[in-house]
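One structure is given below, encoded as structure tokens.
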Amino acid sequence: MENKDNQLPLWEVFIQKGSSPFKHEGSVHASDSKMALQNARDIYTRRGEGRHIWVVPSVAIASTDLNDEAEFFDPSDDKIYRHPTFYTMPAGAKNI
Amino acid sequence: MTEEEKLFHFNEIIARDEKIEPKDWMPEAYRKTVLRQMVQHAHSEVIGMQPEGNWVLRAPTLRAKKILLAKIQDEGGHGLYLYSAAETLGQDRSEMIEQLHEGKAKYSHIFNYPTLNWADIGAIGWLVDGAAIVNQVSLQRTSYGPYSRAMVRICKEESFHQRQGYEIMAKMMNGTEAQKEMAQDAMNRWWWPSLMMFGPHDKDSWHTQESMQWKIKRASNDELRQKFIDKTVDQAHVIGLTVPDKDLKFNEDTKHWEIGTINWDEFWNVVKGNGQCNHKRMAHHIRFHNEGRWVREAVLSYAEKINEFQTAN
Amino acid sequence: MNKNEATYNYVLRLADNSMILAQRLAEWCSKGPILEEDLAMTNISLDLLGQAENFYNYAAELKGNTVTADQLAFLRSEREYMNNLLVEQPNGDFAFSMMRQLMYSCLAKHWYEGLLNSKDEMIASLAAKALKEVKYHLRHSSEWIIRFGNGTEESKQRSEFALSELWRFREDMFETNEVDDLLLPEGIIVNLKDIYPMWKAEMTFILEEAGMQIPEVHNTIKGSLQGIHTEHLGHLLCEMQYLQRTHPGAEW
Chain A
1 MENKDNQLPL WEVFIQKGSS PFKHEGSVHA SDSKMALQNA RDIYTRRGEG
51 RHIWVVPSVA IASTDLNDEA EFFDPSDDKI YRHPTFYTMP AGAKNI
Chain B
1001 MTEEEKLFHF NEIIARDEKI EPKDWMPEAY RKTVLRQMVQ HAHSEVIGMQ
1051 PEGNWVLRAP TLRAKKILLA KIQDEGGHGL YLYSAAETLG QDRSEMIEQL
1101 HEGKAKYSHI FNYPTLNWAD IGAIGWLVDG AAIVNQVSLQ RTSYGPYSRA
1151 MVRICKEESF HQRQGYEIMA KMMNGTEAQK EMAQDAMNRW WWPSLMMFGP
1201 HDKDSWHTQE SMQWKIKRAS NDELRQKFID KTVDQAHVIG LTVPDKDLKF
1251 NEDTKHWEIG TINWDEFWNV VKGNGQCNHK RMAHHIRFHN EGRWVREAVL
1301 SYAEKINEFQ TAN
Chain C
2001 MNKNEATYNY VLRLADNSMI LAQRLAEWCS KGPILEEDLA MTNISLDLLG
2051 QAENFYNYAA ELKGNTVTAD QLAFLRSERE YMNNLLVEQP NGDFAFSMMR
2101 QLMYSCLAKH WYEGLLNSKD EMIASLAAKA LKEVKYHLRH SSEWIIRFGN
2151 GTEESKQRSE FALSELWRFR EDMFETNEVD DLLLPEGIIV NLKDIYPMWK
2201 AEMTFILEEA GMQIPEVHNT IKGSLQGIHT EHLGHLLCEM QYLQRTHPGA
2251 EW
């Protein structure tokens, strides 16, 4: 069996600081999740920037495509009643 | 959308100073240009670890060793951010490395100069990183999203690099005669190549127009070079270093430092592969890439065996 | 020898181990098998360098600050260095370096855990700081050895070679002398002889995970506590101390 050689699979890195949502920071190469987590820590948290780390193999990420944009996102543009500014409140009403 | 509409939409995004993201439509030439630039920038960071690594074992104090090691580590990290940004455009890092080894991809010419004494480490931090910072600050506003975000990250980390270099030069200029000689010697060898880092003069640079139009590049070569000259000449004088340029003079009207003629023959010679260290830098990268092959093969084999994500094989 | 002198001596062992291993790891700069690992090893080197500096600073203090941390690191010769023989061994290939890292980190973990209760507050506090880092180094190196043991034939062979080469330095890692005899009853240090079985058990466990076994190595090389080092240390110090030796008294 011919041995493979490459720069190892790509993983996407998400980091949580404090209690903020996880944020995508970039990617690392690694062959298994332990390596990916340690690499992510070494590369993206050298200046104390993290509390929790998620790593996900890049191939596992499903994403929208530029062709999907119209179907996926336009319908939300014309449902303005989802926004609070659509509604008129009586003068003097508080905390609403 | 027709091709015309797509191009119109793309140009609108650029005009509004918004970002182009990986899944957005982009002209093939834009994609090629920005990919090449990110990859070459990444390669530069990685090759740059070699001239500095050359002195890390001989750093003269615990503090100096710590700082240099941290700096080299940052450079490796910057290479990683940039490869990461480049890979969003679909090219695999293995391919990028192959192209580097085959001479198809370039890296900054500056790293083909040797580090001959400890002051060279000061000169690199102060002049080379100093020049890179001027360029990188400008690139924070580049139009390709992942590149721009990588640059913002890099700029945050870069400021200690320049201070590290300047501090080394200042200490040596304040030291023994031998130290002063070494510092001036390093200045003499690194000054002009640092100026060349900004690339050919605007009138001789054919890449610039397109890059500026697409806001990949945000300022011209000469503009950036002048920024660097103005701040650095003053810094040199403060610590008693002589700028190795007999034509250097301050223009009282424009308030800019004017320099002599850059030796572009030297620049192109180094770019073509005939600098002091071109061969060594590449041979080193190729050698250790090859020596690491068994390691990469081993971990790939292990990953297959443990099959973490229980994928059907 | 009084308590202060003995403590000074002991702290230098901790400092020198960290310093020499940090130097060896720094040699991997730009030579790693993959870029991410270049960063990982530089990280470990920086951790160890920080530990070395802390211990050298304390040693200098114990000498009434008649000497500085830099002078201790850069102006002592081979016969005065107190690191164990393991850490001065050359890097070899990546498996060799990881095996050396594993053997050292496992020792350091148990050693620092033992020192947490030292009656010397400074030693206890420095040990606590270093322990966190050393646990990470142990995790890192053990995972690599496990990957290699279960990876390819080649990676397994290289790891087994590394183990058989380095195993001969294990006794030297646990040597004690009159310094230990003086400090142990004072509650300042931990007995390395007590640590040895814990180290051996953990090494055995990790090696088993890697499909490997403790090798049959009858050759033993010792002497670090008497300043009898292997021939490698001289070259390492020569390079490391070059600038300070060439420009005596210069400030950097």
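Each protein sequence line maps, in turn, to chains A, B and C.
Last residue of the first sequence: number 96 in the working numbering, and the count goes up by one each step with no gaps.
Last residue of the second sequence: number 1313 in the working numbering, and the count goes up by one each step with no gaps.
Last residue of the third sequence: number 2252 in the working numbering, and the count goes up by one each step with no gaps.
Positions of the beta carbon are idealized from the N, C-alpha and C atoms, including for glycine.
The structure presented is a predicted model; accordingly, all values stated were derived computationally and were not measured.
Query	Result
Put B:Ile1259 into one of helix, strand or coil per three-state DSSP.	coil
Would you mind working out which of B:Gln1310, B:Ala1303, B:His1279 and B:Arg1218 sits nearest B:Glu1102, comparing C-alpha positions?	B:His1279
When burial is assigned at 16 or more other CB atoms within 10 Å of the CB, is C:Cys2106 buried or exposed?	buried
At 3 residues or longer, and completely inside the segment 5-43 of chain A: list those beta strand (DSSP E) runs for me, N to C.	10-16 and 23-29
Closest by CA to B:Val1046, which one among B:Phe1267, B:Asn1112, B:Pro1244 and B:Tyr1166?	B:Asn1112
What are the start and end residues of each continuous alpha helix (DSSP H) run of 4 or more residues lying completely inside the segment 2191-2247 of chain C, in chain order?	2192-2209 and 2232-2246
Which chain C residues are close to A:Ile43, counting only those with a beta carbon under 8 Å from its beta carbon?	Glu2036 and Leu2039
Just to make sure I have the definition right: I need the residues of chain C whose C-beta is within less than 7 Å of the C-beta of B:Thr1061. Which are they?	Asp2070 and Trp2252
Report the option in B:Gly1053, B:Leu1127 and B:His1161 whose CA atom is closest to the CA atom of B:Ser1194.	B:Leu1127
Determine, for C:Glu2061, whether the minimum Cβ-Cβ distance to residues of chain A falls below 8 Å.	no
Which residues, in chain order, does the segment 2042-2062 of chain C contribute to contact with chain B at a C-beta distance below 8 Å?	Thr2042, Asn2043, Ser2045, Leu2046, Leu2049, Gly2050, Ala2052, Glu2053 and Tyr2056
To the nearest angstrom, how far is it from the Cα of B:Val965 to the Cα of B:Trp1190?	The structure shown has nothing for residue 965 of chain B, since chain B only spans 1001 to 1313.
Where C:Val2087 and C:Gly2223 are concerned, what is the direct C-alpha to C-alpha distance, given to the nearest angstrom?	13 Å
Against chain A, with Cβ distances strictly below 8 Å, would B:Ala1303 count as a contact?	yes
Give a yes or no on whether the C-beta atoms belonging to C:Gly2187 and C:Lys2119 are separated by under 8 Å.	yes
Measure how close the beta-carbons of C:Ile2145 and C:Ala2210 come, nearest whole angstrom, since I'm counting them as under 8 Å.	5 Å
Measuring CA to CA, which of B:Thr1242, B:Phe1228 and B:Gly1240 is closest to B:Ala1132?	B:Phe1228
Report the three-state DSSP secondary structure of B:Lys1249 (helix, strand or coil).	strand
Looking only at its chain, what residues have a beta carbon closer than 6 Å to the beta carbon of C:Asp2047, apart from the 5 residues adjacent to it on each side?	Glu2133
Along the segment 1108-1127 of chain B, what residues have a CB closer than 7 Å to any CB found in chain C?	Trp1118
Taking 8 Å as the CB-CB cut-off, is C:His2140 touching chain D?	Absent here is chain D; the protein component of the structure consists of chains A, B and C.
Using a Cβ-Cβ distance under 8 Å, would B:Lys1249 count as near chain A?	no
Does the CB of C:Ala2210 have a neighbour CB from chain B at under 8 Å?	no
Flag B:Glu1297 as yes if its beta-carbon sits less than 8 Å from any beta-carbon of chain C, otherwise no.	yes
Can you tell me which of the three DSSP states B:Tyr1320 falls into?	A query on residue 1320 of chain B cannot be resolved here, the shown segment of chain B reaching from 1001 to 1313 and no further.
Which value, in whole angstroms, describes the spacing of the CA atoms of B:Gln1140 and B:Ser1148?	5 Å
Counting only Cβ pairs nearer than 8 Å, list the residues of chain C close to B:Leu1392.	Since the displayed chain B opens at 1001 and closes at 1313, residue 1392 of chain B lies outside it and no answer follows.
Going along the chain, which residues of its own chain have a beta-carbon closer than 7 Å to the beta-carbon of B:Met1049, five neighbours each way excluded?	Ile1072, Glu1075 and Gly1076
Could you compute how far the alpha carbon of B:Asn1174 sits from the alpha carbon of C:Gln2157?	54 Å
Checking contacts by CB at 8 Å: is B:Lys1023 closer than that to chain A?	yes
For B:Ala1267, collect the residues of the same chain with a Cβ closer than 7 Å to its Cβ; drop the 5 residues on either side in sequence, then sort them by chain order.	At residue 1267 of chain B the sequence reads Phe, which differs from the Ala that was named. Excluding positions up to five away in sequence, the list reads His1109 and Met1196.
How far does the alpha helix (DSSP H) with B:His1078 in it reach, from first residue to last?	Leu1062 to Glu1087
What residue does the alpha helix (DSSP H) around C:Ile2188 start on, and which one ends it?	That residue, C:Ile2188, is in no alpha helix (DSSP H); it is neither H nor E in DSSP.
Assess contact between the segment 2071-2085 of chain C and the segment 2006-2025 of chain C, defined as three or more Cβ pairs (one per stretch) separated by less than 8 Å. Is contact present?	yes
Can you say whether A:Met1 is buried or exposed, counting buried as having 16 or more other CB atoms within 10 angstroms of its CB?	Any reading at A:Met1 is ruled out, since the residue's pLDDT is 45, under 50, leaving its predicted position unreliable.
List the residues that DSSP assigns as beta-bridge partners of A:His52.	A:Gln16
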